[in-house]
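Student:
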Amino acid sequence: MAVMDLSTLPNLRDLGGLAREAGGLTATGVLYRSALPAPGDVPPTSIAEWPPKTVVDLRSAHELAAHTNPLGLNETVLHHIPLMTDAQVAEPDQGARLADIYLGILSTAGTQLAKVLEVAAVCDGPFLLHCAAGKDRTGIAAALLLSIAGVARNEILADYIATNDHMGVVLARMNHFAPGTGEQYPNDRDVVGAVPEAIEGVLAHWDSHYGGVHGWARDQGVTEETMRLWNSRFIE
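Quick look at the structure:
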């Protein structure tokens, strides 16, 4: 049996080149997403520029304390914007549908998602979004940024589902780095992988909001100028 390589950051991809509903593509070298970076990771070769200029870490305060972000130790600017509290992360979620958990994040972390968009609109790029697995919190934040830019629904769904191709090594790294930190990995959310119905529920929630995803963002405090700036840098 082949030994799994844990030295390369998994679930990493550039979200450039995605088709928009109105035509055109998203720009490369602007937005990356990944699982949790670790000390000693081999520099990736799958993207053009590394390390990113800006990192948005979506983990809770306890997660951040247990695993300090190694990308914040160089010239990279690190923004910590937790989308779940420590208590929510620790909740076993037994029997909870991932779709319900996602809608709960929209309900409780709308202001934080607005901050992600505000950072994305003006920060130095490329910038990286990540949480622990790079699946749930990262999936929601990435879907918001893609939706604001008018990316086609099938492209958003395909990007979300692509995480399932990486879950084996993601879970192996979680188990490798967890001992001694008090973290319980993998949790129920990690084990089920990326569930299409979960992100579809998020997209449907935004669609049903007055003004669509842009109206939802405005209600969380995002300005029209912030959305304009984001689109100007992310749309080719």
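Residues in the sequence shown are numbered from -12 upward in steps of one, following my numbering. Glycine included, C-beta positions come from ideal geometry on N, C-alpha and C. The model shown is predicted, which means the values in this text are computed figures rather than measured ones.
Out of H192, G199, T150, which one is the CA nearest neighbour of G180?
Tutor: T150
Student: Output needed for I143: all residues of its chain with C-beta closer than 6 Å, excluding positions within five of it in sequence on either side, in chain order.
Tutor: The residues A130, L133, in chain order, have a CB closer than 6 Å to that of I143 in the same chain once the five nearest residues on each side in sequence are set aside.
Student: Considering only C-alpha positions, which residue in the set P30, P38, P26, G10 is nearest to L18?
Tutor: P38
Student: Tell me whether L116 sits in a helix, a strand or coil according to DSSP, three-state version.
Tutor: strand
Student: Can you name the residues that DSSP bridges to H67?
Tutor: D44
Student: Based on DSSP bridge pairs, tell me the residues matched to L144.
Tutor: In DSSP, L144 forms no bridge with anything.
Student: Closest by CA to V103, which one among R20, Y147, M161, H163?
Tutor: R20
Student: Taking all protein chains shown into account, decide if D28 is buried (16 or more other Cβ within 10 angstroms of its Cβ) or exposed.
Tutor: Result: buried.
Student: Which residues does DSSP list as the beta-bridge partners of T(-5)?
Tutor: The beta-bridge partner set that DSSP reports for T(-5) consists of V29.
Student: Just the Cα atoms here: how many angstroms apart are V76 and L85?
Tutor: 13 Å
Student: Using 9 Å as the threshold, is the C-beta distance between D44 and C118 below it?
Tutor: Contact: yes.
Student: How would you write the range of the beta strand (DSSP E) that S20 sits in, first residue to last?
Tutor: Note on residue identity: the sequence assigns Arg, not Ser, to residue 20. That run of the beta strand (DSSP E) goes 18 to 21.
Student: Roughly how far, in whole angstroms, is the beta-carbon of A74 from the beta-carbon of F221, given that I think they are within contact range, below 8 Å?
Tutor: The Cβ separation is near 34 Å, so there is no contact.
Student: Taking the DSSP output, what are the residues bridged to I186?
Tutor: None, per the DSSP bridge assignment.
Student: Going by Cα to Cα distance, which pick from S33, G199, D194, T72 is closest to H49?
Tutor: T72
Student: If you measure between the beta carbons of L70 and I148, is that distance less than 9 Å?
Tutor: No; because the gap between Cβ atoms is not below 9 Å, this pair is not in contact.
Student: Hey, how far is the Cα of G121 from the Cα of N(-2)?
Tutor: 7 Å
Student: Considering just the uninterrupted stretch of the alpha helix (DSSP H) at Q75, what are its terminal residues?
Tutor: 73 to 77
Student: Please tell me whether T98 and Q207 are closer than 9 Å, where the distance is taken between their beta carbons.
Tutor: yes
Student: With DSSP as the reference, please indicate the residues paired to I222 in a beta bridge.
Tutor: T13
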